[in-house]
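**Q** If you scroll down you'll find the structure; I have some questions about it.
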Amino acid sequence: MTFKAEIDLLGRNKTELKSICLAMGFQPFKGEILFRWLQEGVLDYASMTNLSRRERELLAETYPLLAPRIIQEQQSADGATVKLLLDFGRSDKEKQPVMIELVIMLYERQNSRSRHTLCISTQAGCAMGCAFCATGLSGLSRNLSAGEIVAEVIMGQKWLHEHKLGDVTNLVFMGMGEPFANYDAVMQSLAILNDPAGLNIGQRRMTISTCGLTDAIKCFADAETEIGLAISLHAPNDALRSQLMPVNRRYPIKELLAACDYYTSKTHRRISYEYALLKDVNDGRQQAEELAQLLAHRLAHVNLIPVNFVSETGFLPSPAEVINEFAAILNRRGVETTVREKRGTDIDGACGQLRRHQSNGGGK
Ligand code: SAH
Ligand code: SF4
């Protein structure tokens, strides 16, 4: 029999669960009870002891629950990064099971406190086709539902609890897929994950990364949340960016930065610009100067990423001294810049690689 995870209810907020309960003839507050159980990761109605037997039976008939499966687990040699390959299975209409990667970055330090950050996927694959990215190589299979996105966090939380490591503290939407190409499901999942009756993850502890879909950036600005925004820039001019990131042909840098300015004017929040350094492609001094010019007068922080080597793309990582020089130029020009710590490169560290290796008979 084909396996298909059944987690639709995880993607429903309290109000929706109350309506579902009401429609089944239960008192609406039962929806709140159901929400709490589901967000605690209890995917078995029999354990929901404060619902009546009849209610549990009715729910089980109407809304079956079945967790995704962890089909592979890798831990980096230093123990700081764990990658889970999750299988959501497939419906009768789908040819392939949907598999996505969930990365757990353990013990990151923030203000002397230790945090556990999950790197969340929002799509199975991605349609954006960035030249350096493993996820982009095989195109988009489909969007993940809000329930599937919430399920990733719940699976990550369970993993942490099983290893007695505490709770998920931070979320970055930097896994597989383009979050703003699946805007509604992503926003719905964020609201659920932020709910104090559920996982209660603060908006300031969440970051969405986008390749630059400007209409969605404006919508996101209008939503006036406190969720952080990261922009994958990777090139300081349109000619190069359009080569590396086809999305730039539709939304060139000027338009992208105008949307970023709109976001800043609405939220007063600083934006992170991600820039993966590709050897002899975008890592020259002149390019650092050009980037500085773009960002010097903006509320910006640059995150330089030592690129993860993906053999199929042909790009190589820049040497450490080139990265440091690039960072020094930006800092000198008044653009605050950090070099991202490289994690989990020994475990197909870049998102998309593990899934690719698995489905090639073996992906960023
Ligand atoms: N689609 C979104 C979010 C997922 S990608 C986006 O593009 O922003 C998360 C980050 O990983 C992005 O900054 C992306 O550009 C970067 N990335 C992709 N491939 C990479 C690679 N091979 N090495 C390092 N970073 C990579
Ligand atoms: Fe998609 Fe982001 Fe990869 Fe580009 S970098 S292909 S937008 S996942």
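Residues 1 to 364, numbered by UniProt numbering, are exactly what the sequence shown covers, in order.
Backbone N, C-alpha and C fix where the C-beta goes; we use that ideal spot for every residue, glycine too.
In whole angstroms, what separates the C-alpha of residue 244 from that of residue 34?
**A** The residue you call residue 244 lines up with position 244 of the sequence shown. The residue you call residue 34 lines up with position 34 of the sequence shown. Taking the straight line joining both Cα atoms gives about 46 angstroms.
**Q** Would you mind listing the alpha helix (DSSP H) stretches within the segment 27–115 that are 4+ residues and don't spill past its ends, in chain order?
**A** 29–39 and 53–62, all fully within the segment 27–115.
**Q** So, is the C-beta of residue 104 closer than 7 angstroms to a C-beta in chain B?
**A** Among the protein chains of the structure shown there is no chain B, as only one such chain exists.
**Q** Taking the alpha-carbon of residue 276 as reference, which of 303, 252, 250 and 299 has the nearest alpha-carbon?
**A** By 1-based counting over the sequence shown, the position of residue 276 is 276. Out of 303, 252, 250 and 299, 303 has the C-alpha closest to the C-alpha of residue 276.
**Q** Check residue 251 in the structure and name its three-state DSSP category.
**A** Within the sequence shown, numbered from 1, the residue matching residue 251 stands at position 251. DSSP places residue 251 in coil when its eight states are reduced to three.
**Q** Find the nearest neighbour of residue 32 within the set 23, 154 and 13, judged by alpha-carbon distance.
**A** Counted from its first residue, the sequence shown places residue 32 at position 32. Closest option to residue 32, Cα to Cα, is 13.
**Q** Near residue 252, which residues of its chain fall below 7 angstroms by C-beta distance, leaving aside the five closest residues on each side in sequence?
**A** Here residue 252 refers to the residue found at position 252 of the sequence shown. Taken in chain order, the residues that qualify are 238.
**Q** Consider the C-beta atom of residue 99 and the heavy atoms of the ligand SF4; say whether any pair is separated by less than 6 angstroms.
**A** Residue numbering aside, residue 99 sits at position 99 when the sequence shown is read from its first letter. No.
**Q** Keeping to the same chain, check which residues put their C-beta closer than 7 angstroms to that of residue 326; ignore five residues upstream and five downstream.
**A** Counted from its first residue, the sequence shown places residue 326 at position 326. Excluding sequence neighbours, residue 326 sits near 277, 283, 288 and 304.
**Q** Tell me whether residue 174 counts as near the ligand SF4, meaning its Cβ is closer than 6 angstroms to at least one heavy atom of that ligand.
**A** Sequence index remark: in the sequence shown, residue 174 carries index 174 (1-based). No - the ligand SF4 has no heavy atom lying nearer than 6 angstroms to the Cβ of residue 174.
**Q** Between the alpha carbons of residue 17 and residue 28, how many angstroms are there, rounded?
**A** Your numbering for residue 17 matches position 17 in the sequence shown. Your numbering for residue 28 matches position 28 in the sequence shown. Those two C-alpha atoms are separated by around 8 angstroms.
**Q** Given a threshold of 16 other Cβ atoms within 10 Å of its Cβ, counted over all protein chains shown, does residue 1 qualify as buried or as exposed?
**A** The residue given as residue 1 occupies position 1 in the sequence shown. The residue in question, residue 1, is exposed, as its Cβ has fewer than 16 Cβ neighbours within 10 Å.
**Q** Which residues bound the alpha helix (DSSP H) around residue 241?
**A** Numbered from 1 along the sequence shown, position 241 holds the residue referred to as residue 241. Per DSSP, residue 241 belongs to the alpha helix (DSSP H) from 238–244.
**Q** Is residue 209 near the ligand SAH, in the sense that its beta carbon is under 6 angstroms from a heavy atom of that ligand?
**A** If you number the sequence shown from 1, residue 209 lands on position 209. Indeed, a heavy atom of the ligand SAH lies less than 6 angstroms from the Cβ.
**Q** How about the segment 71–83 and the segment 97–108: do they share at least three Cβ pairs that are nearer than 8 angstroms?
**A** Judged by Cβ distances under 8 angstroms, the segment 71–83 makes contact with the segment 97–108, as three or more pairs qualify.
**Q** Near residue 365, which residues of its chain fall below 6 angstroms by C-beta distance, leaving aside the five closest residues on each side in sequence?
**A** Residue 365 cannot be examined here, being either before or after the span of the chain that is shown, 1 to 364.
**Q** Taking all protein chains shown into account, do 16 or more other C-beta atoms lie within 10 angstroms of the C-beta of residue 49, making it buried, or fewer, making it exposed?
**A** Residue numbering aside, residue 49 sits at position 49 when the sequence shown is read from its first letter. Answer is exposed; the Cβ neighbour count stays below 16.
**Q** So, for residue 322: in the same chain, excluding its five sequence neighbours on each side, which residues have a beta-carbon less than 6 angstroms away from its beta-carbon?
**A** Residue mapping note: residue 322 aligns to position 322 of the sequence shown, counting from 1. Closer than 6 angstroms at the Cβ level, and outside the excluded window around residue 322, lie 283.
**Q** Would the beta-carbon of residue 178 fall within 7 angstroms of that of residue 204?
**A** Here the question's residue 178 lines up with position 178 in the sequence shown. Here the question's residue 204 lines up with position 204 in the sequence shown. Cβ distance not < 7 angstroms, so residue 178 and residue 204 don't count as in contact.
**Q** Contact between the segment 141–155 and the segment 177–194: three or more CB pairs below 8 angstroms?
**A** The answer is yes - the segment 177–194 touches the segment 141–155, with three or more Cβ pairs under 8 angstroms.
**Q** Distance, Cα to Cα, residue 172 vs residue 210?
**A** Here residue 172 is taken as the residue at index 172 of the sequence shown, counted from 1. Here residue 210 is taken as the residue at index 210 of the sequence shown, counted from 1. The straight-line gap from Cα to Cα measures roughly 11 angstroms.
**Q** Between which two residues does the beta strand (DSSP E) holding residue 187 run?
**A** Counting from one through the sequence shown, the residue named residue 187 turns up at place 187. Segment 183–194 is the alpha helix (DSSP H) holding residue 187; no beta strand (DSSP E) there.
**Q** For the ligand SF4, is there any heavy atom lying closer than 6 angstroms to the beta carbon of residue 125?
**A** Sequence index remark: in the sequence shown, residue 125 carries index 125 (1-based). No; taking the cut-off as 6 angstroms, the Cβ of residue 125 has no heavy atom of the ligand SF4 nearer than that.
**Q** DSSP state of residue 179, grouped into three classes?
**A** By one-based count along the sequence shown, residue 179 stands at place 179. In this structure, residue 179 counts as helix in the three-state DSSP scheme.
**Q** Can you say whether residue 419 is buried or exposed, counting buried as having 16 or more other CB atoms within 10 angstroms of its CB?
**A** In the structure as shown, the chain starts at 1 and stops at 364, and residue 419 therefore has no counterpart that could be examined.
**Q** Report the rounded CA-to-CA distance for residue 263 versus residue 218, giving the unit in angstroms.
**A** For this step, residue 263 is matched to residue 263 along the sequence shown. For this step, residue 218 is matched to residue 218 along the sequence shown. Roughly 7 angstroms between the two C-alpha positions.
**Q** Excluding the 5 residues flanking residue 201 on each side, which residues of the same chain have their C-beta closer than 8 angstroms to its C-beta?
**A** Mapped onto the sequence shown, residue 201 falls at position 201. So the qualifying residues of the chain are 153, 168, 169, 170, 171, 193 and 194.
**Q** Quick check on DSSP: helix, strand or coil for residue 132?
**A** As a working mapping, residue 132 is identified with position 132 in the sequence shown. In this structure, residue 132 counts as coil in the three-state DSSP scheme.
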